[in-house]
Every structure is written in structure tokens, then in C-alpha cells.
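Quick note on my numbering: the sequence shown kicks off at 12 and runs consecutively.
Notes follow the structure.
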Amino acid sequence: MLKSINLMKELLSGTDDEITNILNEPQNMEYEGTTFHINDNNYRSRLAKRTLKKDGYFVVFWEKDVNHCNQAYAYSESPNKIVISIIDKDLKGQFIFPKSLLLEKGILRTAGNKGKMAIRVYPSWENSLNNAAKKTQAWQAPYFINVSNEIDIRRLTELYFS
Numbered sequence: 012m013l014k015s016i017n018l019m020k021e022l023l024s025g026t027d028d029e030i031t032n033i034l035n036e037p038q039n040m041e042y043e044g045t046t047f048h049i050n051d052n053n054y055r056s057r058l059a060k061r062t063l064k065k066d067g068y069f070v071v072f073w074e075k076d077v078n079h080c081n082q083a084y085a086y087s088e089s090p091n092k093i094v095i096s097i098i099d100k101d102l103k104g105q106f107i108f109p110k111s112l113l114l115e116k117g118i119l120r121t122a123g124n125k126g127k128m129a130i131r132v133y134p135s136w137e138n139s140l141n142n143a144a145k146k147t148q149a150w151q152a153p154y155f156i157n158v159s160n161e162i163d164i165r166r167l168t169e170l171y172f173s
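Following this line, the structure appears as C-alpha cells:
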């Protein structure tokens, strides 16, 4: 089982919510790319990776087009939320981004914007950041939950289902 899906199951274990319809996205298995449902909500999931040369965690956001070329996810086809899990030794957390935010930030593709095929995320425990990374962390922060020590079920539910 994928580490990111196991984390989600662990987080939701104290609720009546169940993860169903898990589908692997073969082109992004290095980042544990999946889609799934919880109740009537659909999600896309990724596991972010720590990189050696830069702070934060790297994660990809692409799929193949009809010509087998990489392209950013399309806003019109994207699930309502994209969940990015971070599992780094004892540190664990999730970003749960609504697709409307990813559109606003130019990450999802539209007719007028090619989108981004990867981003860097900065959880709350990252604190020695340059100014550009701090700015990115600031817009990401409201969508992050640190679950390293305890789980705030109210906050988790709000992020997943609001």
C-alpha cells in the first residue's frame, strides 16, 4: 500500500469517512500519484519529496496528453481537491488544496494558461527559507495540517470537506 494512502486512512480512522475508488496514476507513481473518493468528494493525491539542494518538498502535477507529451493538469478535469502528503521521518503533514486556489496560483492549466507541472511546498516546520519561499509558504499555510504528533479532526475535516 502507498505511504500517502496509508497516512490518509490513519488520519480518517477516527471518523465515519472511508477512502474508496483508489486509482493509481501510472505516469506519476514515483510521487504515489492516485485519485480517490471520500463520500461524494473526489481527490487527487501526491507524496512530496525532500530534495537535497533546496528547502521544502517537490511534487509533480502533470499528465500525458494525446501525443504522450507532459502537460499540467487541466482545471476543467481536476478533482475538487489535491492532497499533497509529506512523510519525512517523524514529520508528517498534508496540504489539501482546493482546485480554485491552484487555478488562482496558475498551477492548473486552462485555455489561457499552460499551468505548472511541478511545485515546491513548504510545511510549517520549514523555517530557514529565502524570501520567495516564505511568500509561497504564506499562501500555502492555510491549507496545511501538521499531523506529526496529534490530529486536529475538526481542522482535518474542514480542509477535506469544506
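Glycine residues also receive a C-beta, built at the ideal position from the N, C-alpha and C atoms.
In the three-state reduction of the DSSP assignment, P90 falls in the coil class, being assigned neither a helical nor a strand state. P134 carries a coil assignment under DSSP once its states are collapsed to helix, strand and coil. Distance between L58 and I33, taken at the CA atoms: about 15 Å. Judged by DSSP in its simplified three-state form, A85 adopts strand. Within its own chain, the residues whose Cβ lies closer than 7 Å to the Cβ of T45, once the five positions on either side in sequence are excluded, are L13, I16, I33, L34, N35, E36 and S56, listed in chain order. Using a Cβ distance threshold of 9 Å, L140 and Q151 do not count as a contacting pair. Beta-bridge partners assigned by DSSP to D99: L102. Note on geometry: alpha-carbon atoms of P90 and I49 lie some 12 Å from one another.
Shown here, K127 sits in coil according to DSSP, grouped into three states, outside any helix or strand.
Three or more Cβ pairs closer than 8 Å define a contact, and the region 153-164 meets that threshold against the region 95-115. Excluding five sequence positions before and after F172, the CB atoms of its chain that fall closer than 7 Å to its own CB belong to N52, given in chain order. Secondary structure of L13 (DSSP, three-state): coil. Closest in alpha carbon position to A129, among E29, Q82, V77 and L22, is Q82.
Each of W73, E169, I162 and R166 was checked against the Cα of S24, and the nearest Cα belongs to I162.
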